[in-house]
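Chemist:
Residue numbers (my numbering): 103 to 1263.
#1: Residue 897 to residue 864, Cα distance in whole Å?
#2: Count Cβ pairs between the segment 905-915 and the segment 1082-1095 that sit closer than 8 Å; are there 3 or more?
#3: How would you write the range of the beta strand (DSSP E) that residue 666 sits in, first residue to last?
#4: Run through DSSP, which three-state label would residue 54 get?
#5: Give a yes or no on whether the C-beta atoms belonging to residue 1054 and residue 1031 are separated by under 8 Å.
#6: Run through DSSP, which three-state label would residue 1233 get?
#7: Just mark residue 186 as buried or exposed, buried being the case when its beta carbon has 16 or more other beta carbons within 10 Å.
#8: To the nearest angstrom, how far is it from the Cα of residue 707 to the Cα of residue 990?
#9: How many angstroms separate the CA atom of residue 1074 from the CA atom of residue 704?
#10: Which stretch, first to last residue, makes up the alpha helix (DSSP H) that contains residue 346?
#11: Mind checking which residues open and close the beta strand (DSSP E) that includes residue 756?
#12: Write down the C-beta distance between residue 399 and residue 523 rounded to the nearest angstrom, noting that I regard them as a contact closer than 8 Å.
#13: Could you give the DSSP three-state label for residue 580: helix, strand or coil?
#14: In chain order, what residues of the same chain lie with their CB nearer than 6 Å to the CB of residue 843, ignoring the 5 residues before and after it?
#15: Going by the beta-carbon positions, is the gap between residue 1029 and residue 977 smaller than 8 Å?
#16: Taking the beta carbon of residue 1203 as the centre, do at least 16 other beta carbons fall within 10 Å, making it buried, or is it exposed?
#17: What residues are listed by DSSP as bridge partners for residue 229?
#18: What's the gap between the Cα of residue 357 and the Cα of residue 327?
#19: Please classify residue 1311 as buried or exposed, where buried requires at least 16 other C-beta atoms within 10 Å of its C-beta.
#20: Between which residues of its own chain and residue 286 is the CB-CB distance below 8 Å, once the five residues before and five after are set aside?
#21: May I have the straight-line CA-CA distance separating residue 878 from residue 818, to the nearest angstrom?
#22: The beta strand (DSSP E) spanning residue 358 covers which residue range?
#23: Helix, strand or coil for residue 641? Go by DSSP, reduced to three states.
#24: Cα separation between residue 922 and residue 582?
#25: For residue 404, which residues of its own chain have a beta-carbon under 6 Å away from its beta-carbon, when the five flanking residues on both sides are left out?
#26: Thinking residue 1104 and residue 629 are a contact (beta carbons under 8 Å), I'd like their distance in whole angstroms, please.
#27: Could you give the C-beta distance for residue 1205 and residue 1215, rounded to a whole number, given that I count them as a contact under 8 Å?
#28: Assign residue 1246 to one of three DSSP states: helix, strand, or coil.
#29: Leaving aside the five residues before and after residue 140 along the sequence, list all residues of the same chain whose C-beta is less than 6 Å from its C-beta, in chain order.
#30: How big is the Cα-Cα spacing for residue 1196 and residue 762?
#31: Run through DSSP, which three-state label would residue 838 get?
#32: Cutting at 6 Å between CB atoms, please list the residues of its own chain near residue 365, excluding the five before and the five after it.
#33: According to DSSP, is residue 108 helix, strand or coil?
#34: Scan the segment 438-479 and note each continuous alpha helix (DSSP H) run of 4 residues or more that stays entirely inside, going in chain order.
#35: Assign residue 427 to one of three DSSP states: helix, strand, or coil.
#36: Taking the Cβ atom as the reference point for each residue, do residue 786 and residue 664 lie within a distance shorter than 8 Å?
Put into structure tokens, the structure is as follows:
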């Protein structure tokens, strides 16, 4: 199996084996075991040929069996497996193993992967280094060239045209990989026993090259390093020495950045780099050098010296075959045309020469064994016979390098800079030699490199200046041409953009820029400001890309939306008693235990496009075989889908209704004058007579059949002038030709109302259920409340930083809620209105021994929204609805707001807990004193005994602060309802926000006026609230807590700063269904703080007929089927939704590097 091969004049024996055709394996454990042992021989005073390592018994056995045995072991045979594998990797890189499936790919991947490389790839490199230190340099090079099949490539005549082009490309790649292997064998000495290094130096080199790719987090660095037998990487041992930790900015984790002084140790041919990492690191380092205005060369760092047993490996740097290979590549670089040359070969040859020069300088400085590379690079090398004949006729390596300085074949700046560095390194080495010839060479090289540096620097400067001037000229010309072509556009751009933005998103534009004069903006009542609707709203369907104008009679446009039950505003998370199947949403509780929230991504579609899109999803899911798992991202059985554009989770669509003022003609807008007290008198008479009529019919319904009596009956009980104006409030113009909704719009309004009812109450859809419109109004109110609390949490004004998506959602919800009554049964709407108003007359209901809702148990913003949407239909005479009965901010809406706001103030005053005041005198005001008198009177009527009255200024301040969220919600509601622009004062947070809101909502900012200057009817109504039986019962020693305003802003519970405290707390938790046993999976609810026993069979329970765990059951009651939990022992956050969905997130606990440790690994 051995034959003679030659490189030019050098001949030698090689093992006959062709990697591309003969059998080969990647697994050679014995050879790698021997390489690992060889590293430690010098520590014990041994060498490869030491007699202590010979086995005489084995030799005797071989002789007795007449088996020939060589002594010592042949190094060529020992290195053969390692060479074969390196050639296999090179051939795979060259594309010579294309038809071997995934087997070869997987083996190559794991061979150099972090998990296996230490015992495979690294050991093979050590074995080759052992061979290089034992074999003569020429012989070792011959073995590599033969195995890489590069013997012909190493001949000058190889460049003569001929042969297949594909074979040449493969040979070029193999030559590049061959030179790269030489660099690795000569440079990688950071193994204790191979180089004079320690284990710390090894880890430092790994970390340096990782950080040269990019700054990395501590966890990523740890995962990229090998672990020792103690499962330690040693990262913390070295990282602070070579890198600087940059703390995280905002979110994310901190990262380590390499210190500048360690960049010089970077090598682009680091043997643990993947190809992608090598390319990325080179790009990053060159970019860094460019920013620092340095040359772009990436020269070899100075390697540590080899140990004594590996010192002979340096002989390959100045052996004849190496000089021949280097000269061949340099000659081909200088040649006008070469088919076997590549710039990568040239870069690698320069890198090898740089390594040789490092060793030359070290040998001269330390006076070690003579190193002949410099001599041979300047004079050539003699043949093996020692005759003194040069291996190559012509120029030597140094001359070849000098001739390449201005070569046109070197195209990249990086190669030019590396060539200049090599020549400078030659100068450094020559200066150490105290000989005249060496000094002459040094001077000539210095002149050459300086000249080249000056020329290149001037060329780069001139080219950059020309390029900059050309770009600036082009930009200036384009700018002039554009302005000339669009002169008129530039004149009108500023005004038109403001007008268009105001028309589409009135909540986002400072209308002070559009309006002229000092107009005071008022949203309600006779003095209502004009709505400033400047034009029709145009939207684009995301499915068909067609633009569509929003109108009531055109094609309906819809927004993707998601409706869900929510407890985000809940003030009481205890499970509610009572009927869970038939809740009465007309009177939402003040604790907001559970509401219906609507969210949207803001993307618009035609309703026909959406229906087609959703039908396709349904059909696709039905065709899916049952054996395939359905997508967990959405559930088609619950009408869920993903938005076609952003893939946001949705389960319904909101119809986009045009601004309500555009639905009314100018003749339909009435301006009336009617005092609040007179209006309230008419409303109370309506309610009393409606209840009386229902009672006369001997109804057995516990809720009473509330049916409004005719308005003529009411007006007969009123003064003539008052009766006329009161009747005009419900006098509508019925015209079939005006304001009708298209069939598509009506269908979408009904659909969204039905979906809100179904998702909000968790029941089956039912169009005829009277709770359908109520749920539509409730989701509008709840979403506005949630938005206001979000703004309050961020300390923003009510119309500050409102996003386009929020504005579109709120506008669509409010206008939808306003027109819901247009598609519902008018009798149902009227009945809801009377029932709602009856809650303000507890005396009348209690007189008939019927249960009534206490004012303190009502959320009055929900109450206001429903009242606003139903009040216009109270006295509609015909059995159909009409758009002229829409709420658009008229007198009815103004008085309804004042009525509900007064009730809200009564609630605040009756539940106010006076703080312990100091005896210091405070400045008082007439408003505060009047309010204090109102406070005393109300609490006296309600039989609330106070030991001492609060300070008037404190009371007034508290009342304004407590009522401010209600007014902020009202401003959002009536802004989108009426289209009246928001005043600039409400665009930023200020101490006068309460006054600005009262002015915008047409409310008296002098709060006592609401109680003392309205009239007898108002005073009597307020007194009836305080004196009612339900009010006195709730204010007595009630077992249920009373809601106080302002509401508490909910947030996740506070966790201990130190994670060990949480661990200790969880260790004391025992399973509630066992006899004192510790819980295996203690889990804390981050919403309410309750500790649970999660993911355990012991605490399973039945929920809706299904066995569920403790966390799922708790999420049902605490978060309306949604929960966020912290699994303490695993240090991970668990998100749950709707029993079947969930995921894990890292816990909020971070280590000193700003990272989590999910699972406490």
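C-beta: ideal position from N, C-alpha, C; glycine also.
Modeler: If we stick to the structure as given:
#1: 34 Å
#2: no
#3: 659-668
#4: Any answer about residue 54 is impossible in this case: the structure gives the chain only from 103 up to 1263.
#5: yes
#6: coil
#7: buried
#8: 27 Å
#9: 18 Å
#10: Where residue 346 is concerned, there is no enclosing alpha helix (DSSP H), although the beta strand (DSSP E) it sits in stretches over 345-348.
#11: 754-757
#12: 5 Å
#13: helix
#14: 654
#15: no
#16: exposed
#17: Answer is none; residue 229 lacks a bridge partner.
#18: 16 Å
#19: Outside the shown range of the chain, which is 103 to 1263, sits residue 1311, and nothing can be said about it.
#20: 227, 371 and 373
#21: 35 Å
#22: 357-360
#23: strand
#24: 54 Å
#25: 460
#26: 7 Å
#27: 5 Å
#28: strand
#29: 232
#30: 51 Å
#31: In this prediction, residue 838 scores a pLDDT of 46, lower than 50, which makes its location untrustworthy; no coordinate-derived value is stated.
#32: none
#33: strand
#34: 445-468
#35: helix
#36: no
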